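**Student:** Dropping a structure here in structure tokens format, bear with me for questions.
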């Protein structure tokens with residue numbers, strides 16, 4: 008408890024309590040319908056965080072309350088509450104937030120402490136999203152995938168031709184790759200599993216190196232064709248240098264990225280996380296559609312991976328329209344984004360691919376001067 012909580016003997020009655028009330032109201036939950044308690048009963052000196060022996064000393068009272076209340080679900084607010092359940096192991100709140108864990112007869116759901124919002128406002132959105140997902144899960148009202156996120160898994164030449172024709176008729180196309188490795192230079196094991204392309208009509212997923220793929224495509228010819236049909240169009244990606252570099256390394260083809268939603272997000276709010284799933288949830292209430300690393304790298308169902316990739320290109324395109332509208336409200340910020348940040352993306356891709364010239368004589372001279380100091 009903080010000072011005010013300790014004074015009036017009521018949990019979450021200070022500034023953090025105000026944040027909690029705000030969050031509960033936003034998800035349609037009354038505070039009177041929620042049982043709130045502390046894992047430590049007394050305020051530590053100088054408002055420091057409770058130590059493990061103090062948490063252990065108060066464990067009796069926590070267990071007493073749990074037996075009386077008999078909750079099915081327990082939301083752990085912050086790291087101190089997390090430490091009261093050592094069954095979860097030595098983990099931090101950032102690594103486990105937003106997920107359910109079974110501990111004895113309880114469903115445990117860790118998230119940030121509302122006080123964290125007071126010191127880092129970027130956590131406000133994450134806390135709200137966690138609580139929204141929690142209430143959706145426990146009430147059975149899970150967020151539904153948007154109808155527009157429907158996709159076509161290309162498994163025939165006719166479908167591929169339809170995909171190419173759709174791109175030709177589009178002016179803005181989102182692009183995303185799924186790969187077996189983070190680095191395209193990781194030897195024979197580094198492959199592009201599939202490519203997703205999003206238009207206003209559909210999400211097209213073209214499998215390339217997956218065991219369940221039924222269509223055989225000359226991949227280099229495909230990417231040359233895509234380069235040609237994408238010329239003159241806005242090509243949108245999330246962290247697009249990654250995708251563009253992979254295509255260049257594997258097929259020797261340059262597909263330049265016009266807009267990058269990760270960069271756009273950072274310029275609009277440098278304090279908010281810029282991951283695609285987080286942004287999709289924050290701005291559009293997207294459900295949690297993430298899959299395992301094994302599935303992302305092509306070791307699971309092709310259909311599952313295709314649906315995941317389709318959601319990525321769908322939300323990337325949707326974020327672009329939202330972000331570009333926001334950026335254009337500030338002409339200087341928009342010019343900086345367009346003329347500096349996006350101009351650099353493809354240049355940095357080429358530098359990473361080609362390397363950069365280093366004047367070794369000059370380098371040795373500078374090194375000698377530095378060593379002399």
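Residue numbers (this note's numbering): 8 to 380.
A virtual CB, placed ideally from N, CA and C, is assigned to each residue, including glycine.
Model, not experiment: these values are computed from the prediction.
Helix or strand or just coil, what does DSSP make of residue 193?
**Tutor:** On the chain shown, residue 193 is found 186 positions in, with the first residue counted as 1. It is coil, neither helix nor strand.
**Student:** Between the alpha carbons of residue 229 and residue 140, how many angstroms are there, rounded?
**Tutor:** Residue mapping note: residue 229 aligns to position 222 of the chain shown, counting from 1. Residue mapping note: residue 140 aligns to position 133 of the chain shown, counting from 1. So the two alpha carbons sit approximately 40 angstroms from each other.
**Student:** Exposed or buried, residue 361, counting other C-beta atoms within 10 Å across all chains shown (16 or more means buried)?
**Tutor:** As a working note, residue 361 is residue 354 in the chain shown. Answer is exposed; the Cβ neighbour count stays below 16.
**Student:** I need the DSSP call for residue 203, collapsed to helix, strand or coil.
**Tutor:** Counted from its first residue, the chain shown places residue 203 at position 196. Residue 203 falls in the strand class under three-state DSSP.
**Student:** For residue 244, write down the residues that DSSP places opposite it in a beta bridge.
**Tutor:** Locating residue 244 in the chain shown gives position 237, counting from the first residue. In the DSSP output, where bridge partners are listed per residue, residue 244 has 267.
**Student:** By Cβ distance below 7 angstroms, which residues in the same chain neighbour residue 56 in space, the five residues on each side in sequence not counted?
**Tutor:** If you number the chain shown from 1, residue 56 lands on position 49. Excluding residues within five positions, the ones whose Cβ falls inside 7 angstroms are 87.
**Student:** Going by DSSP, which residues form a beta bridge with residue 179?
**Tutor:** For this step, residue 179 is matched to residue 172 along the chain shown. Answer is 241.
**Student:** What does DSSP give as the partner residue(s) for residue 118 in the beta ladder?
**Tutor:** Here residue 118 corresponds to residue number 111 of the chain shown, with the count starting at 1. In the DSSP output, where bridge partners are listed per residue, residue 118 has 84.
**Student:** Buried or exposed for residue 60, please, with buried defined as at least 16 other CB atoms from any protein chain shown within 10 angstroms of its CB.
**Tutor:** Residue mapping note: residue 60 aligns to position 53 of the chain shown, counting from 1. The residue in question, residue 60, is exposed, as its Cβ has fewer than 16 Cβ neighbours within 10 Å.
**Student:** Using C-beta distances below 8 angstroms, list every residue in its chain close to residue 249, excluding the 5 sequence neighbours before and after it, in chain order.
**Tutor:** As a working note, residue 249 is residue 242 in the chain shown. Excluding residues within five positions, the ones whose Cβ falls inside 8 angstroms are 184.
**Student:** What is the DSSP secondary structure of residue 251, reduced to helix, strand or coil?
**Tutor:** Within the chain shown, numbered from 1, the residue matching residue 251 stands at position 244. Residue 251: helix per DSSP, three-state reduction.
**Student:** Return helix, strand or coil for residue 109, following the three-state DSSP convention.
**Tutor:** In the chain shown, counting from the first residue as 1, residue 109 sits at position 102. Note: residue 109 maps to strand in three-state DSSP.
**Student:** Does the distance from the C-beta atom of residue 261 to that of residue 128 stay below 8 angstroms?
**Tutor:** Counting from 1 along the chain shown, the entry for residue 261 is found at position 254. Counting from 1 along the chain shown, the entry for residue 128 is found at position 121. Not in contact: residue 261 and residue 128 (Cβ atoms no closer than 8 angstroms).
**Student:** On the DSSP letters alone, give me the boundaries of the alpha helix (DSSP H) that residue 352 sits inside.
**Tutor:** By 1-based counting over the chain shown, the position of residue 352 is 345. Per DSSP, residue 352 belongs to the alpha helix (DSSP H) from 349 to 361.
**Student:** Over the uninterrupted beta strand (DSSP E) stretch that includes residue 214, give me the two end residues.
**Tutor:** Walking along the chain shown from the start, residue 214 turns up at place 207. Segment 210 to 214, the beta strand (DSSP E) holding residue 214.
**Student:** Could you please give the first and the last residue of the uninterrupted beta strand (DSSP E) stretch that includes residue 159?
**Tutor:** Stepping through the chain shown from its first residue, residue 159 is reached at position 152. It spans 158 to 160 - the beta strand (DSSP E) in which residue 159 sits, taken as one unbroken run.
**Student:** Looking only at C-alpha atoms, which of 340, 270, 47, 213 sits nearest to residue 162?
**Tutor:** Taking the chain shown and counting its residues from 1, the one referred to as residue 162 is at position 155. Answer by Cα proximity: 213.
**Student:** Going by DSSP, what residue range makes up the alpha helix (DSSP H) through residue 60?
**Tutor:** Against the chain shown, residue 60 aligns to sequence position 53. Here the alpha helix (DSSP H) through residue 60 covers 59 to 64.
**Student:** To the nearest angstrom, how far is it from the Cα of residue 196 to the Cα of residue 188?
**Tutor:** The count along the chain shown starts at 1 and reaches residue 196 at position 189. The count along the chain shown starts at 1 and reaches residue 188 at position 181. Each residue's Cα considered, the two are about 7 angstroms apart.
**Student:** Under the assumption that residue 224 contacts residue 204 (Cβ atoms under 8 angstroms), give the Cβ distance between them as a whole number of angstroms.
**Tutor:** Here residue 224 is taken as the residue at index 217 of the chain shown, counted from 1. Here residue 204 is taken as the residue at index 197 of the chain shown, counted from 1. About 14 angstroms; that fails the 8 angstroms criterion.
**Student:** Measuring CA to CA, which of 210, 135, 375, 17 is closest to residue 167?
**Tutor:** Mapped onto the chain shown, residue 167 falls at position 160. The residue with the shortest Cα to Cα distance from residue 167 is 210.
**Student:** In this structure, does DSSP put residue 139 in helix, strand or coil?
**Tutor:** The sequence position of residue 139 within the chain shown is 132, counting from 1. Three-state DSSP puts residue 139 in a helix.
**Student:** Quick check on DSSP: helix, strand or coil for residue 304?
**Tutor:** Position 297 of the chain shown, counted from the first residue, corresponds to residue 304. Note: residue 304 maps to coil in three-state DSSP.
**Student:** So who's on the other strand from residue 185, going by DSSP bridges?
**Tutor:** For the purposes of this step, residue 185 is taken as the residue at position 178 of the chain shown. In DSSP, residue 185 forms a bridge with 201.
**Student:** Quick check on the burial criterion: 16 or more other C-beta atoms within 10 angstroms. Buried or exposed for residue 93?
**Tutor:** Stepping through the chain shown from its first residue, residue 93 is reached at position 86. Residue 93 comes out exposed.
**Student:** Would you identify the three-state DSSP class for residue 36, choosing helix, strand or coil?
**Tutor:** Within the chain shown, residue 36 is the residue found at index 29, counting from 1. DSSP places residue 36 in coil when its eight states are reduced to three.
**Student:** Mapping DSSP to helix, strand and coil, what is residue 466?
**Tutor:** Beyond the ends of the chain as shown, which are 8 and 380, falls residue 466; an answer cannot be given.
**Student:** If you run the structure through DSSP and keep just helix, strand and coil, what is residue 288?
**Tutor:** Here residue 288 refers to the residue found at position 281 of the chain shown. Helix at residue 288.
**Student:** Rounding to the nearest angstrom, what Cα-Cα distance links residue 365 and residue 371 in this structure?
**Tutor:** Counted from its first residue, the chain shown places residue 365 at position 358. Counted from its first residue, the chain shown places residue 371 at position 364. If you take the alpha carbons of residue 365 and residue 371, they lie about 11 angstroms apart.
**Student:** Can you tell me which of the three DSSP states residue 91 falls into?
**Tutor:** As a first step, residue 91 is located in the chain shown; it is residue number 84 there, counting from the start. Of the three classes helix, strand and coil, the one that applies to residue 91 here is coil, per DSSP.
**Student:** Whose CA, out of 137, 125, 132, 131, lies closest to the CA of residue 117?
**Tutor:** Looking up residue 117 in the chain shown gives position 110. If we check each option's Cα against that of residue 117, 137 comes out closest.
**Student:** Let me make sure I understand the geometry here. Which of 341, 252, 319 has the alpha-carbon closest to that of residue 273?
**Tutor:** Start at 1 with the first residue of the chain shown, and residue 273 comes out as number 266. Ranking 341, 252, 319 by Cα distance to residue 273 puts 341 first.
**Student:** Note down the Cα distance separating residue 338 from residue 352, rounded to an integer number of angstroms.
**Tutor:** Reading the chain shown from its first residue, position 331 is the one you call residue 338. Reading the chain shown from its first residue, position 345 is the one you call residue 352. Distance between the alpha carbons of residue 338 and residue 352 is about 20 angstroms.
**Student:** Considering only the alpha carbon of each residue, which of 34, 69, 37 lies closest to residue 45?
**Tutor:** As a working note, residue 45 is residue 38 in the chain shown. Comparing Cα-Cα distances from residue 45 to each of 34, 69, 37, the minimum goes to 69.
**Student:** For residue 126, which option in 71, 23, 379, 317 has the closest C-alpha, if you only look at C-alpha atoms?
**Tutor:** For the purposes of this step, residue 126 is taken as the residue at position 119 of the chain shown. The shortest Cα separation from residue 126 among 71, 23, 379, 317 belongs to 23.
**Student:** Which of the three DSSP states is assigned to residue 102 in this structure?
**Tutor:** Position 95 of the chain shown, counted from the first residue, corresponds to residue 102. The answer is helix: DSSP assigns residue 102 an H, G or I state.
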